[in-house]
Amino acid sequence: MRFFLGGIYAYAGFLKLMEPHENFRGVLSHYEIIPPFLLDPLSRGLPWVEWIVGVFVILGYAPRLSSLVLGILSASLVAVLVSSPSFWGTAGGSCGCFGQYGPQLTTRQMAIVDLTNALIGFKFFFTSGHPFSLHNWLVRKDESSQA
Amino acid sequence: MNARYMLTGFFLTVFLVSGVLVVRRNFVHLGELPQAYASEPKVKGPADAPIEIQEYSDFQCPACQRAQPVLKALLEKYPGKIRVVFHHFPLAGHQWSSIAHQAAECAAVQGKFWEYHDLLFQEQAVWSGPQNPTQLFLKDAQILSLDVDAFATCLADTGIQEKIKQERQGGDRLQVRSTPTFFINKERAVGHLELKTKAEEIIHRTLKLPAEKAQEPEAAPASAPEAAPASAPEAAPASVPVAMPTPTPSTPAPAAS
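Structure (structure tokens):
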């Protein structure tokens with residue numbers, strides 16, 4: 001599940017970083033809960049956070065902290081989606097106008113995916129053991145060098 | 148966390164950032180915006196206009212429809228200063244999009260692209276339903292006094308389909324991922340809301356207008372019934388890649404239809 005959570009975010013972040021940030025900014029601009037002054041910093045910065053923290057989660061570097069970050073990010077996305085008129089079915093028309101690659105999910109479906117990611121993220125935050133992680137390797141190395 | 152731990156994180160971050168920058172520099176090549184000439188049927192506005200807005204749009208896209216009053220308001224507010232160029236960008240997810248674009252291009256052949264373009268957006272709610280809208284499109288051709296027989300023949304013209312496909316591929320090379328996408332003097336603005344804010348900013352800057360608070364263009368009343376405030380796509384922000392994956396640079400764009 002750690003690989004799933006980290007993989008999703010690393011993939012999403014990487015793809016966004018391969019495109020002009022205005023594409024993502026255009027998506028964000030439709031969510032009225034996001035104030036306009038935040039659009040630029042979010043559209044430029046968020047993909048980097050997704051990419052870097054996603055890889056951290058995959059590798060198990062600072063696993064609790066990085067899982068927490070992605071958990072909070074996912075929870076924020078749920079909040080943004082729930083605040084959107086399309087979640088409540090009051091938006092005019094089902095557009096599908098933002099890209100056409102991959103599965104097209106409704107706002108509610110995406111909220112469910114993000115909620116799941118948030119729960120996974122928070123679960124890992126409260127988990128102490130992280131097998132096959134860079135964290136464990138670094139801790140062991142530190143213990144053996146102190147011994 | 149000790150020093151080794153922190154250093155590992157630091158170098159890992161540097162590696163990840165560098166990796167992205169290297170890949171972007173070497174493997175991501177943005178296409179060039181096509182040169183638009185005032186004599187072309189899908190161009191309106193003077194050839195020497197200081198502001199050029201190139202639009203990649205889908206006739207079946209509600210957000211594209213909402214952009215039309217914004218564009219119209221800009222043209223009215225800054226007469227003679229703006230040239231608008233339309234590019235076909237039909238999305239595969241819209242059932243009748245290809246035929247709508249074909250119809251518009253057929254109207255362009257007969258010199259009435261913009262009139263047909265306006266009609267398509269005005270009637271979007273009507274022809275976007277489950278029924279095949281070909282008859283409606285023929286009726287619209289008649290309303291605009293086009294040669295309906297030639298128009299009907301044109302609707303099946305594979306050459307026109309190829310032309311639309313090439314325009315669409317041009318948009319893909321520019322990494323147009325959503326509609327409407329605008330290039331206002333080569334600066335990208337995605338969505339009708341961004342068009343509103345960015346267009347004024349660029350126009351004021353380019354025309355060196357007095358530094359007052361840029362007024363938003365008063366959108367002309369939409370001919371079509373107003374959609375609900377957020378005709379935003381149902382796709383979430385792309386942080387959820389399952390919902391909105393964006394292709395890697397090497398991924399070929401799917402066919403428009």
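Heads up: the protein sequence lines correspond to chains S and W, in order.
Mapped onto the working numbering, the consecutive letters of the first sequence carry residue numbers 1 to 147.
Mapped onto the working numbering, the consecutive letters of the second sequence carry residue numbers 148 to 404.
Glycine included, each C-beta is placed from N, C-alpha and C at the ideal position.
Predicted, not measured: the structure shown is a model, and the values here were computed from it.
Say whether chain W places a C-beta atom closer than 8 Å to the C-beta of residue i.
i	result
P131 of chain S	no
P20 of chain S	yes
L119 of chain S	no
L5 of chain S	no
L68 of chain S	no
L115 of chain S	no
F124 of chain S	no
Let me know if residue i comes out buried or exposed under the rule of 16 or more other beta-carbons within 10 Å of its beta-carbon.
i	result
N173 of chain W	exposed
K286 of chain W	exposed
I33 of chain S	exposed
F124 of chain S	buried
E179 of chain W	exposed
A210 of chain W	buried
V149 of chain W	The question names Val, yet the displayed sequence has Asn at residue 149 of chain W. The residue is exposed, with fewer than 16 neighbouring Cβ atoms inside 10 Å.
E270 of chain W	buried
K16 of chain S	buried
F126 of chain S	exposed
E341 of chain W	buried
I290 of chain W	exposed
V80 of chain S	buried
A288 of chain W	buried
M153 of chain W	exposed
T155 of chain W	buried
A151 of chain S	In the structure displayed, chain S extends from 1 to 147; residue 151 of chain S sits before or after that span and is not available.
Q278 of chain W	exposed
K343 of chain W	buried
Q182 of chain W	exposed
K333 of chain W	exposed
K355 of chain W	exposed
A194 of chain W	exposed
S378 of chain W	Here S378 of chain W scores only 39 on pLDDT, less than 50, and its place in the model is too uncertain to base an answer on.
For a test of your reading of the model: does the CB of residue i fall under 7 Å from any non-hydrogen atom of the ligand NAD? Yes or no.
i	result
V80 of chain S	As far as ligands go, the structure on display features none, and thus does not contain the ligand NAD.
What does residue i pair with, by DSSP beta-bridge criteria?
i	result
Q201 of chain W	W:V232 and W:F330
R335 of chain W	W:F330
K191 of chain W	W:V231
L67 of chain S	Reading the sequence as shown, one finds Ser at residue 67 of chain S and not Leu. DSSP output for S67 of chain S lists no bridge partner at all.
Does residue i come within less than 8 Å of chain S when only Cβ atoms are used?
i	result
T353 of chain W	no
N173 of chain W	no
G156 of chain W	yes
N405 of chain W	Residue 405 of chain W is absent from the model: chain W starts at 148 and stops at 404.
Y203 of chain W	no
R151 of chain W	yes
Report the residues of the segment 46-64 of chain S with a CB closer than 9 Å to any CB of chain W, ordered along the chain. L46, P47, W48, E50, W51, I52, V55, F56, L59, Y61 and A62
May I ask you to list, following chain order, the residues of the segment 322-342 of chain W that have a beta carbon less than 7 Å from some beta carbon of chain S? Q322, R324, S325, T326, R335, A336, V337, G338, L340 and E341
Using a Cβ distance threshold of 8 Å, determine whether the segment 331-338 of chain W contacts the segment 12-23 of chain S, with at least three qualifying pairs required. yes
Do the segment 231-238 of chain W and the segment 321-333 of chain W make contact, defined as three or more Cβ pairs closer than 8 Å? yes
Residues of the segment 159-170 of chain W whose Cβ lies closer than 8 Å to any Cβ of chain S, in chain order: L159, T160, L163, V164, V167 and V170
The segment 14-40 of chain S: positions lying closer than 8 Å to chain W by Cβ: Contacts with chain W (Cβ-Cβ distance below 8 Å) from the segment 14-40 of chain S involve F14, L15, K16, L17, M18, E19, P20, E22, N23, F24, R25, G26, V27, L28, S29, H30, Y31, E32 and P36, listed in chain order.
Taking 8 Å as the threshold, find out whether the segment 244-263 of chain W comes into contact with the segment 212-219 of chain W through three or more Cβ pairs. no
Mind listing which residues of the segment 215-235 of chain W have their C-beta closer than 8 Å to chain S's C-betas, in chain order? Hits within the stretch: zero.
Give, in chain order, every residue of the segment 249-266 of chain W whose Cβ lies closer than 9 Å to some Cβ of chain S. none
The segment 199-208 of chain W contacting the segment 240-255 of chain W, beta-carbon criterion three pairs below 8 Å: yes
Stretch-stretch touch, CB-based, cutoff 8 Å, three pairs: the segment 160-175 of chain W with the segment 300-308 of chain W: no
Are the segment 112-123 of chain S and the segment 67-74 of chain S in contact at 8 Å, needing three or more beta carbon pairs? yes
Any chance the segment 308-321 of chain W sits against the segment 7-14 of chain S, with 3 or more Cβ pairs inside 8 Å? no
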